[in-house]
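What follows is a short report on a single structure.
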Amino acid sequence: MLSELLELRALWRNRRLPEEELRRLQERKLQTVVRHAFDNVPFYSDLYRAAVIRPDDIRTLDDLRLLPVVTKQQMRAAGMERLLARGVDRAACLTRTTSGTTGEPFTVLFTPAEWRRRRLVDFRTLLAIGFRPLDRLAIMGPEHPFAERLHNRLGLYRTRVIHGALPVERQIEELRAFRPTILWSYPWPLWVLAQRVQYQLSKVVRPRALITSAQVFDPVLRERLLADRHMEVFNLYGAIETGRIAAECPAHRGLHVNADYVVLECLAGDGPAPSGQPGTVVVTSLDLFAMPFIRYKLGDRCALLDGRCSCGSTFPLIAAPEGRDNDLLRLPGGTLVSPLGVSFLLRGFPDVDRFRVVQETVNRVALYVIASRPWPEESVGRLRARLLELLGEPMELEIRLVDSIPEDGLKCKTFVSRLPKEMLQ
1433 MLSELLELRA LWRNRRLPEE ELRRLQERKL QTVVRHAFDN VPFYSDLYRA AVIRPDDIRT
1493 LDDLRLLPVV TKQQMRAAGM ERLLARGVDR AACLTRTTSG TTGEPFTVLF TPAEWRRRRL
1553 VDFRTLLAIG FRPLDRLAIM GPEHPFAERL HNRLGLYRTR VIHGALPVER QIEELRAFRP
1613 TILWSYPWPL WVLAQRVQYQ LSKVVRPRAL ITSAQVFDPV LRERLLADRH MEVFNLYGAI
1673 ETGRIAAECP AHRGLHVNAD YVVLECLAGD GPAPSGQPGT VVVTSLDLFA MPFIRYKLGD
1733 RCALLDGRCS CGSTFPLIAA PEGRDNDLLR LPGGTLVSPL GVSFLLRGFP DVDRFRVVQE
1793 TVNRVALYVI ASRPWPEESV GRLRARLLEL LGEPMELEIR LVDSIPEDGL KCKTFVSRLP
1853 KEMLQ
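Final position of the sequence shown in our numbering is 1857; the numbers increase by one with none missing.
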């Protein structure tokens, strides 16, 4: 506990480091992680040798451009044995799988120390937006339950995880019982909950702050919720692979990049996007060594912003990311259903390489699945039964095992609705 408090104290101080000192910290950590990857991770060793790059070539943040950008597809194809650093005890690592918003679930491993740092960065984020000792924080989404700590038993910084795949009635019951003062939710389950209570969130809870993350927070949903009750809204940006990347502060001028934890680039073509102009997000984790992510392409789009924030933090600012916007499923009875539950179910089928859910009509849904090996009919039937149980209403559900999923101009969207937009509001 004492070591965690000391680590948190150092993280908190980093928010206000002078810009030159912050840059030196980033560059020291960057040099360390690049040399480690070159010496110990087969995937990066081969990649950098093929590009004729040595660790000594990377001394400053500007030198990052010398390193190749890597993609999820490259890393998945390489296999876990080539992604893990030599000497890492895989059995001792924590395993997390991405939610599949790109249709390609990806398993990531962390050492306990790396996971602790990740949690502390999240806690720093919450403190920065005003998380107080007597607050009650409810998290709705694909979160893993927090182990109860001493401060929780003392009634401080109380936190409850309400899984986004639970039936909405159960979510409502848990929210009413917990009475959160801060609600942190993915937009999908939040929209489903809001639709169930006619967009009057105050019928269930009355938080003073609302935190959203993972997908784009639709302005229609935001407007309807704030018309019912005034809440201060904060936007967070993160990824399963790298943890919390950026977060909005009470000044609401943009999102602060956790610059002591990750380096974020916005690329347009072969170079950086001009300030204020959206580019493709590429991140480098400065604290992951078991399974490093160096110049990792997330595929989202955002813009770097100039200037300093009035909150006092020297961490750089970005505009809210534009990616990860997926549709909701509408049942024949009119209920909106979060697609998160489909992702969770598919995690139980390890042979799934990629998938897409398409609602073709109000009564018909198609699930496209690319599997690494043929599925027996029993697996298809079991998945169909579980999906119909999840949806909760009779529907025509077709599971199509395919070799490829046509993009149709949809890039990598996982959940697609062919229904008119007005039916999803």
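For glycine and all other residues, C-beta sits at the position ideal for the given N, C-alpha and C.
Quantities reported herein were computed from a predicted structural model and do not represent experimental measurements.
Rounding to the nearest angstrom, what Cα-Cα distance links Ala1597 and Asp1554 in this structure?
Translated into positions along the sequence shown, residue 1597 becomes position 165. Translated into positions along the sequence shown, residue 1554 becomes position 122. If I take the Cα positions, the gap works out to 22 Å.
What is the rounded straight-line gap between the Cα of Arg1445 and the Cα of Ile1802?
Indexing the sequence shown from 1 puts residue 1445 at position 13. Indexing the sequence shown from 1 puts residue 1802 at position 370. Each residue's alpha carbon lies about 47 Å from the other.
Please report the residue range of the beta strand (DSSP E) in which Met1572 lies.
Taking the first residue of the sequence shown as position 1, residue 1572 is located at position 140. Unbroken beta strand (DSSP E) run through Met1572: 1568–1573.
For Arg1611, count the other beta carbons within 10 Å of its own beta carbon; 16 or more makes it buried, fewer makes it exposed. Which is it?
For this step, residue 1611 is matched to residue 179 along the sequence shown. By the neighbour-count rule (16 or more Cβ atoms within 10 Å), Arg1611 is not buried but exposed.
Out of Leu1615, Ile1604, Asp1702, which has the shortest C-alpha to C-alpha gap to Arg1628?
As a working mapping, residue 1628 is identified with position 196 in the sequence shown. Out of Leu1615, Ile1604, Asp1702, Ile1604 has the C-alpha closest to the C-alpha of Arg1628.
Going by beta carbon distance, what residues of the same chain come within less than 8 Å of Val1834, once the five residues before and after it are set aside?
Against the sequence shown, residue 1834 aligns to sequence position 402. So the qualifying residues of the chain are Tyr1800, Val1801, Ile1802.
Between which residues of its own chain and Glu1436 is the CB-CB distance below 8 Å, once the five residues before and five after are set aside?
Numbered from 1 along the sequence shown, position 4 holds the residue referred to as residue 1436. Cβ neighbours of Glu1436 beyond the five flanking positions: Arg1548, Leu1552.
Whole angstroms is fine: what's the gap from Val1465's alpha carbon to Lys1635's?
To locate residue 1465, count along the sequence shown from 1; it is residue 33. To locate residue 1635, count along the sequence shown from 1; it is residue 203. Taking the straight line from one Cα to the other gives about 49 Å.
Going along the chain, which unbroken runs of the beta strand (DSSP E) with 3 or more residues stay wholly within the region 1673–1697?
List check, beta strand (DSSP E) in window: 1675–1680, 1687–1689.
Phe1776 - DSSP class collapsed to helix/strand/coil
Along the sequence shown, read from residue 1 onward, the residue named residue 1776 stands at position 344. Helix at Phe1776.
Assuming Pro1621 and Phe1649 are in contact, meaning their beta carbons sit under 8 Å apart, how far apart are those beta carbons, in whole angstroms?
Within the sequence shown, residue 1621 is the residue found at index 189, counting from 1. Within the sequence shown, residue 1649 is the residue found at index 217, counting from 1. Their Cβ separation, rounded to whole angstroms, is 13 Å, which puts Pro1621 and Phe1649 out of contact at 8 Å.
May I ask you to verify whether the region 1683–1690 touches the region 1738–1746, counting CB pairs closer than 8 Å and requiring at least 3?
yes
Do the region 1491–1505 and the region 1716–1733 make contact, defined as three or more Cβ pairs closer than 8 Å?
yes
Less than 8 Å between the CB atoms is what I'm expecting for Ser1707 and Asp1660, so what's the real figure, rounded?
Looking up residue 1707 in the sequence shown gives position 275. Looking up residue 1660 in the sequence shown gives position 228. No, Ser1707 and Asp1660 are not in contact; Cβ-Cβ is about 37 Å, not under 8 Å.
Sequence-distant residues of its chain with Cβ nearer than 7 Å to Ile1485 (five each side left out):
In the sequence shown, counting from the first residue as 1, residue 1485 sits at position 53. If we look at Ile1485 and ignore the five residues flanking it on each side, its Cβ neighbours are Leu1498, Leu1499.
Measuring only the C-alpha atoms, how far is Phe1787 from Ile1571?
Translated into positions along the sequence shown, residue 1787 becomes position 355. Translated into positions along the sequence shown, residue 1571 becomes position 139. Looking at the two C-alpha atoms, the distance is approximately 26 Å.
Beta strand (DSSP E) segment containing Ser1711, residue limits:
Residue mapping note: residue 1711 aligns to position 279 of the sequence shown, counting from 1. For the record, residue 1711 in the displayed sequence is Gly; it is not Ser. Counting along the chain, the beta strand (DSSP E) containing Gly1711 begins and ends at 1711–1717.
How is Asp1732 classed by DSSP in three states: helix, strand or coil?
Locating residue 1732 in the sequence shown gives position 300, where the first residue counts as 1. In the three-state reduction of the DSSP assignment, Asp1732 falls in the strand class.
Continuous beta strand (DSSP E) assignments of at least 3 residues falling wholly in the region 1762–1826
1784–1793, 1796–1803
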